[in-house]
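The next block holds one structure in the form of structure tokens; read it before the comments.
Residue numbers (UniProt numbering): 1 to 266.
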């Protein structure tokens, strides 16, 4: 496990990306402290792709949706590329990829859309009853000692969790300065272990396959960096799990809904 003092903040990693001339292509490196086993942490890979997408076009509207496919492992030197698929009056579609020595690692499609006049206002459900972390609460820095990327996150577990197929955790990036709010949220959104591991009761090799995040409000923000994350497995069989995920801010406002498919090797 990498010591926090020698870890690379996400903003520093993004700032070190070098653009390839005038092309929509950037070169950089993923340090060991952002690894998850033999590949980069999925939230980091998606954040790299979103960062590149936002450099591609001036004055993009807010991010509304991210579709992420984790195609192969990423480690060490990487290339990030972005392509404008379409920009209309209200929305823009941007594709972005992250590749490494082993080939394509992550392929993303981002949808950016400006707010439109309300034709409908509807919300279902409320945030779980979990008070934001207090100064006296025990904050855990990192998770499993063999999962390096967790050293970049801080967690607080709310009491009274009785669903054996779900995680509910307060989480925040330990180093948040200098980040676009959408990039910060995307980096954080995938930081919980797959919920199916709670059902197993033991550790097992896992790998995210696909992930979709829908942002419910522009310019996501919260207090003290804390976001409430929930991940719940709906179905797990034949080595594959489908889980629903959600994010709320510290005031209980719904920020994102997500769905993810996870492979379980064990």
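Backbone N, C-alpha and C define an ideal beta-carbon position, used for all residues, glycine too.
Status (buried if at least 16 other CB within 10 Å, exposed otherwise) for residue i
i           : result
residue 27  : exposed
residue 16  : exposed
residue 104 : exposed
residue 146 : exposed
residue 86  : exposed
residue 116 : exposed
residue 18  : exposed
residue 136 : exposed
residue 151 : buried
residue 251 : exposed
residue 265 : exposed
residue 231 : buried
residue 63  : buried
residue 12  : exposed
residue 125 : exposed
residue 160 : exposed
residue 142 : buried
residue 235 : exposed
residue 88  : exposed
residue 54  : buried
residue 131 : exposed
residue 119 : exposed
residue 42  : buried
Residue i vs residue j beta-carbon contact at 8 Å
i           : j           : result
residue 171 : residue 199 : no
residue 10  : residue 213 : no
residue 173 : residue 155 : no
residue 217 : residue 255 : yes
residue 194 : residue 183 : no
residue 109 : residue 74  : no
residue 96  : residue 129 : no
residue 186 : residue 24  : no
residue 208 : residue 244 : no
residue 196 : residue 241 : yes
residue 100 : residue 76  : yes
residue 114 : residue 90  : yes
residue 57  : residue 92  : yes
residue 34  : residue 133 : no
residue 192 : residue 169 : yes
Any non-hydrogen atom of the ligand MN within 7 Å of residue i CB
i           : result
residue 127 : Ligands displayed in this structure: none; no statement on the ligand MN is therefore possible.
Residues bridged to residue i (per DSSP)
i           : result
residue 80  : 26 and 98
residue 39  : 36
residue 156 : 170
residue 108 : 68 and 96
residue 214 : 65 and 257
residue 246 : 230 and 257
residue 142 : Bridge partners of residue 142: none, in fact.
residue 235 : 242
residue 263 : 207 and 240
residue 91  : 113
residue 103 : 100
residue 18  : 27
residue 86  : 93
Inter-residue CB distance, residue i and residue j (contact presumed, cutoff 8 Å)
i           : j           : result
residue 98  : residue 111 : Wrong, their Cβ atoms sit about 18 Å apart, outside the cutoff.
residue 83  : residue 94  : 7 Å
residue 211 : residue 68  : 4 Å
residue 221 : residue 190 : Wrong, their Cβ atoms sit about 20 Å apart, outside the cutoff.
residue 149 : residue 215 : Incorrect: roughly 22 Å between the Cβ atoms, too far for contact.
residue 127 : residue 228 : 6 Å
Cutoff 8 Å: residue i Cβ touching any chain C Cβ
i           : result
residue 195 : The question asks about chain C, but that chain is absent: this structure has only one protein chain.
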